[in-house]
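Contents: one structure, followed by commentary.
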Amino acid sequence: NAGVTQTPKFQVLKTGQSMTLQCAQDMNHEYMSWYRQDPGMGLRLIHYSVGAGITDQGEVPNGYNVSRSTTEDFPLRLLSAAPSQTSVYFCASRKGGRYEQYFGPGTRLTVT
Amino acid sequence: DAKTTQPTSMDCAEGRAANLPCNHSTISGNEYVYWYRQIHSQGPQYIIHGLKNNETNEMASLIITEDRKSSTLILPHATLRDTAVYYCIVRPANDYKLSFGAGTTVTVRA
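Those protein sequence lines, which keep their order, are chains A and B. Under the working numbering, think of the first position of the first sequence as 2, with each following residue one higher. Under the working numbering, think of the first position of the second sequence as -10, with each following residue one higher.
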């Protein structure tokens, strides 16, 4: 299993540009989520999904959209990038009935 | 509101046990204690979790006090690869969301 994969690893955007961060898992996990981590801080939940077709907001959802059309994929869309969205983004997945979450390697995003 | 309190940093000698404390004095009866760690530039990694009883797996042991207001994560034989930020998290079993605080930066020294 590849586990949780994220692309791209690095991205630089200009203010106002849009883009999609990709996340995929091959473990057939029902739950998927997106976190952001700013320098020196813990992770904050952006959006999460408990299954295909179902998404909900986390702590810091503004400026981000998600959709879950398949069990495997959970893309995160930045609608109009702002410098405040400069961060490292982590995707995670968990199987229903299990406690541990598996995290991807992260996408490092810089917005200038 | 912070649900857990951890020391900001701690050092440990390679080969010795590392004992990481966590206070969670407002923990509710249905909330579990989870530990994750994050090695530099990587995604967080699950270590262990528990409710009331002490737990052990191949990575670590978790000791929870009888009143459940604090716990200790024990890495039995720390190696240089255990240098990481360690997060103690409290959440209900049926709540999907994990809230990460600042954690404890553990540095294992040769």
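Just so you know, even glycine gets a beta-carbon here, dropped at the ideal spot from N, CA and C.
Quiz item: Starting from A7 of chain B and walking both ways along the beta strand (DSSP E), at which residues does that stretch end?
Solution: Following the DSSP letters along the chain, one finds A7 of chain B inside the beta strand (DSSP E) bounded by residues 7 to 12.
Quiz item: Residues in its own chain within less than 8 Å of L46 of chain A by CB, not counting five upstream and five downstream?
Solution: S34, W35, Y36, G59, E60, V61
Quiz item: What's the C-alpha gap between T96 of chain B and R109 of chain A?
Solution: 24 Å
Quiz item: For D57 of chain A, which residues from the same chain have a beta carbon less than 8 Å from its beta carbon, with the 5 sequence-adjacent residues on both sides left out?
Solution: H48, Y49, S50, V51
Quiz prompt | Helix, strand or coil at Q31 of chain B [DSSP, three-state] | solution = coil
Exercise. Provide the residue span of the beta strand (DSSP E) that contains H48 of chain A, from first to last.
Key: 44 to 52
Quiz item: Any Cβ of chain B within less than 8 Å of the Cβ of G54 of chain A?
Solution: no
Quiz item: What do you get for A2 of chain B, buried or exposed, if any count of 16 or more other CB atoms within 10 angstroms of its CB means buried?
Solution: exposed
Quiz item: Rounded to whole angstroms, how far is the Cβ of S68 of chain A from the Cβ of P76 of chain A, which I believe are closer than 8 Å?
Solution: Contact holds; Cβ gap of about 7 Å.
Quiz item: Which value, in whole angstroms, describes the spacing of the CA atoms of T(-7) of chain B and A67 of chain B?
Solution: 23 Å
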